[in-house]
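J.: In this text, residue positions in the sequence shown follow my numbering: the first is 1484, and each later residue adds one.
Sharing a structure, written as structure tokens. Questions coming.
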Amino acid sequence: MFPLNCSSVYKMPEKYEPPDDLVDDTNYPNLNSRDYAKRPLNHTGQMYDAWECLSINSPYTEAEGNIVIACNKLNGREWVGSLWGFEKYDVVKNKALGGSNKASFKLQCESLITGMEFVTRNILLLALNTGKVQLWSTHSEVRNAKNPYCLFLIGERCEHMQAITSTSTFRTNESKALTACKSGTVKIWDMGSADLFLDKSFQFAHSDVITGLAASSTNDNIFLTCSLDKSCLIWDDREIRPALALYEKHDVRFKEVRWSLENNDCIIYAGDECGYILTIDKRSPKKYLDKSKYFDRPIRKIRPHHDNLAVIADTNIVKVSKIPNHATCYENSDSEHFIRDCSWLSSAELLTVGFDGKLRFHNIE
1484 MFPLNCSSVY KMPEKYEPPD DLVDDTNYPN LNSRDYAKRP LNHTGQMYDA WECLSINSPY
1544 TEAEGNIVIA CNKLNGREWV GSLWGFEKYD VVKNKALGGS NKASFKLQCE SLITGMEFVT
1604 RNILLLALNT GKVQLWSTHS EVRNAKNPYC LFLIGERCEH MQAITSTSTF RTNESKALTA
1664 CKSGTVKIWD MGSADLFLDK SFQFAHSDVI TGLAASSTND NIFLTCSLDK SCLIWDDREI
1724 RPALALYEKH DVRFKEVRWS LENNDCIIYA GDECGYILTI DKRSPKKYLD KSKYFDRPIR
1784 KIRPHHDNLA VIADTNIVKV SKIPNHATCY ENSDSEHFIR DCSWLSSAEL LTVGFDGKLR
1844 FHNIE
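Put into structure tokens, the structure is as follows:
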């Protein structure tokens, strides 16, 4: 270290003109840290590069609706998230989002967004990595007739001790939703009284991180979970012992689970860390009907639609196969980074988002 001459370092500057109230203040002019701490924060919403979640609030047969994207900032000292909603008709027509200035609504979050599900057409369930669950209204002509898109926080709860990893909602019950977190806990939420209330909690649902959660489309008491503890469970929250082993003691850890939309919720797809998808019939559990190799990396999302099965992993590739033989009919690797989520826009068109910050359209012939 170079020697310092304290008299030259701490001498009075040549131009020293403090305000009248700070003439005799010995701390002046070293108040820059205080001024920085008191500066007005920039709360302007930004579309960050890491696009994490994708959700559509209307069936593929309807032109009206919204396409919502959750973005996260994963660099710098402060990790935050933001939410952006766009008109479905405009996105489909232009094959692009059109920029942040075309957004119908937006929301800036103080933490990372880890999950997002539409409970109804205008009610959005949001999960954060702090363990918070938020319920937002996205559209209300009563609150503002000229611009019905106005976000309103209906309810907020922080019941999870660790980051939320999965969310799911019931088609047969619009006032019920599910969340799961890293501590192996599953929570059931009640939204029937225009608020967010915790209905049930299963603290030791799994012995490791819950990676997949899927609500039944035919029964609002039944749902699926999978975990890094190498087990996949089927639940009925009316029972005293609600969990039944659907498939356990697997060779590798499970990453995703999803119901088939056909066969009255009898067929289940489970993806593992080695890139395999297991087809399981709930009527004959603890064995699989088929085991197909899709990737060499962990499965991230499984999205069935009629006879098509869209699959993404921790790669930049999206694959679509025909079921039940799992023959690949479409594959695309145009994405420049990991693909994080996907959703069917129509019976022949798939949307994907990822860490490259782009919404990509895939036409499935």
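Idealized CB from N, CA, C, for every residue including glycine.
No experiment lies behind these values; they were computed from the predicted model shown.
1) According to the Cβ coordinates, are E1570 and N1549 closer than 8 Å?
2) Closer than 6 Å by C-beta to I1785: which residues in its own chain qualify, once you throw out the five before and the five after it? Chain order, please.
3) Span of the alpha helix (DSSP H) holding Y1572?
4) May I have the straight-line CA-CA distance separating R1724 from H1733, to the nearest angstrom?
5) Give me, in chain order, the residues of the same chain whose beta-carbon lies closer than 6 Å to that of F1838; leave out the 5 immediate sequence neighbours on both sides.
6) Give the range of the beta strand (DSSP E) segment to which E1745 is assigned.
7) Classify D1712 as buried or exposed, calling it buried when 16 or more other Cβ atoms lie within 10 Å of its own Cβ.
8) Please report how far the alpha carbon of W1562 lies from the alpha carbon of A1579, in whole angstroms.
9) Tell me which residue opens and which closes the beta strand (DSSP E) that F1685 is part of.
10) Inspect the beta-carbon positions of L1634 and T1621 and report whether they are closer than 8 Å.
11) Between the alpha carbons of F1485 and P1502, how many angstroms are there, rounded?
12) List the residues that DSSP assigns as beta-bridge partners of I1539.
13) Report the residue from T1597, G1564, W1567 and F1601 whose alpha carbon sits nearest the alpha carbon of P1542.
14) Report back the beta-carbon spacing between I1596 and N1555 to the nearest angstrom; my notes put them in contact at under 8 Å.
15) Look up H1784 in the DSSP assignment and say whether it is helix, strand or coil.
16) Per DSSP, which one or two residues make a beta bridge with C1474?
17) I need the boundaries of the beta strand (DSSP E) containing S1651, first residue and last residue.
18) Is it buried or exposed, A1810, if we count other Cβ atoms within 10 angstroms and call 16 or more buried?
19) Suppose the cutoff is 6 Å on Cβ atoms and the five residues either side in sequence are ignored; what does the same chain contact list for V1551 look like?
20) Just checking my contact of S1565 with K1585 at CB under 8 Å: how many whole Å lie between their CB atoms?
21) How many angstroms separate the CA atom of L1618 from the CA atom of T1650?
22) Would you check if there are 3 or more beta carbon pairs closer than 8 Å linking the region 1813-1833 to the region 1764-1775?
T.: Looking at the atomic coordinates:
1) With contacts defined as CB atoms closer than 8 Å, E1570 and N1549 qualify as a contacting pair.
2) Within its own chain, the residues whose Cβ lies closer than 6 Å to the Cβ of I1785, once the five positions on either side in sequence are excluded, are E1739, R1741, Y1752, G1754 and V1794, listed in chain order.
3) Judged by DSSP secondary structure, Y1572 falls within the alpha helix (DSSP H) whose first and last residues are K1571 to N1577.
4) Using only the alpha carbons, I get a separation of about 22 Å.
5) The residues are A1533, H1820 and F1821.
6) Per DSSP, E1745 lies in no beta strand (DSSP E) segment and is marked neither H nor E.
7) Result: buried.
8) Spanning the two alpha carbons is a distance of roughly 26 Å.
9) From DSSP, the beta strand (DSSP E) with F1685 extends over F1680 to F1685.
10) Judged by their CB atoms, L1634 and T1621 are nearer to each other than the 8 Å cut-off.
11) Annotation note: pLDDT 44 at F1485 (below 50); position unreliable, no value reported.
12) Per DSSP, I1550.
13) Per the Cα distances, F1601.
14) Contact check for I1596 and N1555: beta-carbon distance about 6 Å, within the 8 Å limit, so the pair qualifies.
15) This sequence places Lys at residue 1784; His is not what is there. In the structure shown, the three-state DSSP call for K1784 is strand.
16) The structure shown does not extend to residue 1474, since the chain spans only 1484 to 1848, so no value can be given for it.
17) Looking at the DSSP string, the run of the beta strand (DSSP E) that includes S1651 is I1647 to T1652.
18) So A1810 ends up on the exposed side.
19) The beta carbon of V1551 is closer than 6 Å to those of S1538 and G1568 in its chain, skipping five residues each way along the sequence.
20) The beta-carbon separation of S1565 and K1585, rounded to 15 Å, does not stay under the 8 Å limit for a contact.
21) Each residue's alpha carbon lies about 12 Å from the other.
22) A contact between stretches requires three or more CB pairs, one per stretch, nearer than 8 Å, and the region 1813-1833 fails this requirement with the region 1764-1775.
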